[in-house]
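Inspection log for the structure reproduced underneath, given as structure tokens.
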Amino acid sequence: MPRRATNNPRQLRTKSCGCILCMEEYPTDKFGDRKRRRDCLGSWQARYRDADGNQKAKNFPKAKDANAFLDKVREAVRSGTYLDPKRGEITLATWWEEWWPGHMPVRPTTRNRKLSLWTCHIEPKWSKRKLSSIRHAEVQAWMRTDVKGHATQVKVRELMRALMRAAVIDDRIVKNPLDSVTITAPAPAKHPEELKPPTEEQYALVREVIPTWYRPLVDFAHETGMRWGEIVGLRACYLDLDKGTAEVRHILVDDKGTIVRQAMPKTVAGYRTVPLTSAAVAAARLMLERLPASTAVTAVGDGLCPEELVFRGPMAGEVRSLKGVKTKMDGVLRGNNFRRRVWIPAIKEVGLARLIKDPETGREEYWPRLHDYRHALASRLHARGVSEKDVQLMLGQERGGRVTWLYTHGSEGAADRVREALEGGGDGRHLRAVS
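Numbering (our numbering), first residue to last: 959 to 1393.
Here you go:
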């Protein structure tokens, strides 16, 4: 085993010191006169080699600090736990630019959501900070005071924890400061009246005032419970009206204002074959009679191919002048436009619209939503004895438990039946008090 160097750490000479060695290194005729002194003011330089054999150096004001550092580094190198301090000195913004391209989600909606979390929450606070300087306590304080809302805190913590976990794996920091950060905002709770979907009678009222062109789309949503992107992305080649089935394979999503075609539905379970009722078949057939769709089978990479879509807007195929250029309209339906121009005016007209404010985000939206057809279908299926597993398959959910707590609501008349049972009336078993 080689002997430890006797000049490590070594004291560095300085122009401001008046000791004999510093005066020899920096003579007065060149660097000016200084007050003579016996001890040296120079800092102590600890020299060492990292795990790759590269020589490093770090200065300390005292010899004992330099020796303590050398002992710590030597032990870390021997045990394989050594981290080069300079690797943790890059800013979080620099690390994000290196990390993000390799972890960018494929789904546009997920990608845009994570980018929004970075630009709105993480970047303003932490982008200029060095990785090694970020501490658990200050992240926890920031989470409590600056990040509002339970859902937002969960998503922000998830993204930043993944970012810092990668820094640990890359040997830039020793531990992840996000590992023990807790969510401080309470999970939001809503009154059951705000969660339950409209009744069948209310849906019938809304349908009557929906413009004629869009009624088949609303009927199809009511009968299938499919998501918006699945309905407007349904292609004729995946629709079998004779068998009464619709295959969910491709969907349409909004990528920052641009509608794009996506192969993967919201979840893997989203790949499914949806059984169609006679009403759903009639709705799809009516749309195809109005606007025939191509049955060609194309890949996602071929683009939107709007001529294959079953549900399109009334302007599909028309030639309009857009910014002075004659353009053939694709008729692709956009969720925001449909809600603003069709759905919200309809629920307002029948007096059903209710503006609900999200207590976390402050965002306001009208109840009922078109998505509530999905909730209503799940409730109807459960009320008619369809198993949870079958409902799960129908809706394209990954796990049945989620269907139960998210989409199932008390059936109509439930309150009256419970009241009658408590008062001793009605048929069947009576409820009894238990302690």
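Backbone N, C-alpha and C define an ideal beta-carbon position, used for all residues, glycine too. If you're wondering where the values come from, they're calculated on a predicted model, not measured in any experiment.
If I measure Cβ to Cβ from Pro-1156 and keep anything under 6 Å in the same chain, skipping five residues before and after, which residues do I get?
Once the five neighbours on either side are set aside, the close Cβ partners of Pro-1156 are Pro-1326.
For Phe-1018, which beta-bridge partners are listed by DSSP?
Trp-1002
On a Cα-Cα basis, can you pick out the residue from Arg-1292, Asn-1295 and Val-1277 that is closest to Thr-1285?
Val-1277
Do Asn-1070 and Asp-1213 have their CB atoms nearer than 8 Å?
yes
Which of helix, strand or coil does DSSP assign to Asp-1213?
Asp-1213: strand per DSSP, three-state reduction.
Helix, strand or coil for Leu-970? Go by DSSP, reduced to three states.
coil
Touching or not, the region 1039 to 1048 and the region 1119 to 1139, by the rule of three or more beta carbon pairs under 8 Å?
yes
In the DSSP assignment, what residue or residues form a beta bridge with Glu-1205?
Thr-1231
Could you tell me which residues DSSP puts in a beta bridge with Gln-1220?
DSSP output for Gln-1220 lists Ile-1209 as bridge partner(s).
Starting from the C-beta of Arg-1243, find all residues in its chain whose C-beta is less than 7 Å away, skip the five residues before and the five after it, and write them out in chain order.
Leu-1199
If you run the structure through DSSP and keep just helix, strand and coil, what is Tyr-1331?
helix
Count the other CB atoms within 10 Å of the CB of Cys-977; is the residue buried (16 or more) or exposed (fewer)?
Cys-977 is buried by the Cβ-count criterion.
DSSP three-state label for Gln-1098, please.
It is helical.
Among residues of its own chain, excluding the 5 on either side of Lys-1022, which ones have a beta-carbon nearer than 6 Å to its beta-carbon?
none
Evaluate the contact criterion for the region 1234 to 1254 versus the region 1179 to 1189: three or more CB pairs, one atom per stretch, below 8 Å.
yes
Ordered along the chain, which non-local residues of its own chain (more than five positions away) have a Cβ less than 8 Å from that of Pro-1264?
Sequence-distant partners of Pro-1264 (beyond 5 residues in either direction) whose C-beta falls short of 8 Å from its own C-beta, in its chain, are Arg-1270, Ala-1274, Asp-1288, Gly-1289 and Val-1290.
Report buried or exposed for Arg-1298, applying the criterion of at least 16 other Cβ atoms within 10 angstroms of its Cβ.
When all chains shown are included, Arg-1298 counts as exposed.
Taking just the CA atoms, how far does His-1333 sit from Leu-1075?
28 Å
For Asp-1137, does the three-state DSSP call read helix, strand or coil?
Asp-1137 falls in the coil class under three-state DSSP.
Taking the alpha helix (DSSP H) that Lys-1072 falls in, what are its first and last residues?
1066 to 1075
Tell whether a beta-carbon distance below 8 Å holds between Leu-1395 and Gln-1111.
No statement about residue 1395 is possible, as the shown extent of the chain runs from 959 to 1393 and does not include it.
When you compare the CB of Asn-966 with every CB in chain D, is at least one pair closer than 8 Å?
Absent here is chain D; the protein component of the structure consists of one chain.
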